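Notes to accompany the following structure.
Numbering (the working numbering), first residue to last: 57 to 120.
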(Lines of atoms letter the chains of each structure in order from A and count residues from 1; the text may use other names and numbers.)
(Lines give C-alpha, C1' and ligand atoms only; values in the text may rest on other atoms or scores of the structure.)
Protein backbone atom coordinates (compact mmCIF):
# COMPACT_ATOMS: atom_id res chain seq x y z
CA UNK A 1 0.00 0.00 0.00
CA UNK A 2 2.77 2.42 0.88
CA UNK A 3 4.55 1.66 -2.39
CA UNK A 4 1.39 2.40 -4.35
CA UNK A 5 0.91 5.66 -2.45
CA UNK A 6 4.52 6.66 -3.13
CA UNK A 7 4.22 5.77 -6.81
CA UNK A 8 1.06 7.85 -7.16
CA UNK A 9 2.70 10.81 -5.43
CA UNK A 10 5.55 10.54 -7.94
CA UNK A 11 3.11 10.36 -10.89
CA UNK A 12 1.30 13.44 -9.60
CA UNK A 13 4.51 15.43 -9.13
CA UNK A 14 4.16 15.56 -5.34
CA UNK A 15 6.98 13.23 -4.35
CA UNK A 16 9.58 15.98 -3.87
CA UNK A 17 7.29 17.75 -1.41
CA UNK A 18 6.65 14.49 0.47
CA UNK A 19 10.38 13.78 0.65
CA UNK A 20 11.34 17.22 1.86
CA UNK A 21 8.42 18.08 4.15
CA UNK A 22 6.53 14.83 4.76
CA UNK A 23 3.01 13.67 3.99
CA UNK A 24 1.58 16.33 6.32
CA UNK A 25 2.66 19.03 3.86
CA UNK A 26 0.14 17.86 1.25
CA UNK A 27 -3.21 19.58 1.00
CA UNK A 28 -6.39 17.68 1.81
CA UNK A 29 -7.25 17.90 -1.88
CA UNK A 30 -3.98 16.22 -2.89
CA UNK A 31 -4.40 13.52 -0.24
CA UNK A 32 -7.91 12.88 -1.51
CA UNK A 33 -6.68 12.62 -5.08
CA UNK A 34 -4.05 10.08 -4.03
CA UNK A 35 -6.62 8.11 -2.02
CA UNK A 36 -9.07 8.12 -4.89
CA UNK A 37 -6.48 6.84 -7.31
CA UNK A 38 -5.45 4.15 -4.82
CA UNK A 39 -9.06 3.00 -4.53
CA UNK A 40 -9.42 2.91 -8.30
CA UNK A 41 -6.31 0.79 -8.71
CA UNK A 42 -7.10 -1.51 -5.80
CA UNK A 43 -10.78 -2.09 -6.52
CA UNK A 44 -10.40 -4.48 -9.48
CA UNK A 45 -7.91 -6.60 -7.53
CA UNK A 46 -10.10 -6.72 -4.43
CA UNK A 47 -13.17 -7.65 -6.46
CA UNK A 48 -11.23 -10.40 -8.22
CA UNK A 49 -10.08 -11.86 -4.88
CA UNK A 50 -13.61 -11.80 -3.49
CA UNK A 51 -14.89 -13.62 -6.58
CA UNK A 52 -12.14 -16.23 -6.30
CA UNK A 53 -12.96 -16.88 -2.63
CA UNK A 54 -16.64 -17.26 -3.47
CA UNK A 55 -15.81 -19.76 -6.21
CA UNK A 56 -13.70 -21.79 -3.78
CA UNK A 57 -16.55 -21.88 -1.26
CA UNK A 58 -19.02 -23.04 -3.89
CA UNK A 59 -16.62 -25.75 -5.07
CA UNK A 60 -16.09 -27.00 -1.51
CA UNK A 61 -19.84 -27.08 -0.88
CA UNK A 62 -20.37 -29.13 -4.05
CA UNK A 63 -17.74 -31.62 -2.93
CA UNK A 64 -19.58 -32.23 0.36
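From the three backbone atoms N, C-alpha and C, an ideal C-beta is built for every residue, glycine too.
Please read all numbers here as calculations on a predicted model, not as lab measurements.
Going by DSSP in three states, residue i sits in which element: helix, strand or coil?
i, result
"residue 82", "coil"
"residue 94", "helix"
"residue 73", "helix"
Going straight from the alpha carbon of residue i to that of residue j, what length do you get?
i, j, result
"residue 61", "residue 90", "7 Å"
"residue 108", "residue 118", "15 Å"
"residue 105", "residue 86", "29 Å"
"residue 93", "residue 64", "8 Å"
"residue 179", "residue 57", "Nothing about residue 179 can be reported from this structure: the residues present for the chain run from 57 to 120 only."
"residue 82", "residue 111", "42 Å"
"residue 115", "residue 84", "45 Å"
"residue 59", "residue 71", "12 Å"
"residue 66", "residue 80", "16 Å"
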